[in-house]
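Written below as structure tokens is the structure these notes are about.
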Amino acid sequence: MIFEPARLWQIPTEADLRHREWEGEHVFFHGAAGDTHRFSEAAAMVLQRLMEEPSDESTLAGLLAEAAEVDVEPAQAALGAILDELARLEYAEPAR
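Residue numbers for the sequence shown follow my numbering, beginning at 1 and rising by one.
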């Protein structure tokens, strides 16, 4: 995926996501699909932010960079892979 700083991402309305954390493992339940997935700390951070409010890619990359204490460029690359996977699973989508 090409990084587009202003592209807004959101949780699909019908997803009805639920999150639980046990001993550092993040599990999300997708109510509409009935699927449960375990996600990395970085993916969980992105999902939790999106559960609060839609966010642009620049904000999400900054969040990851700050948490990992790295420059924003590596965080942008990681974010692209995370968003690709979340979109594939229908846990997140670009806002329309």
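Cβ atoms here follow ideal geometry from the backbone N, Cα and C, with glycine treated the same way.
Measuring CA to CA, which of S58, G24, A33, R20 is closest to L79? S58
P122 to E69 span [Cα, whole Å]: No statement about residue 122 is possible, as the shown extent of the chain runs from 1 to 96 and does not include it.
Leaving aside the five residues before and after E52 along the sequence, list all residues of the same chain whose C-beta is less than 7 Å from its C-beta, in chain order. none
Under the rule that 16 or more other beta-carbon atoms within 10 Å means buried, what is H30, buried or exposed? buried
Considering only their Cβ atoms, is the gap separating H26 from E41 smaller than 9 Å? yes
For V27, which beta-bridge partners are listed by DSSP? R20, R38
For L8, the residue or residues it bridges with in DSSP: D56
Contact check, E21 vs A43, beta carbons under 9 Å: no
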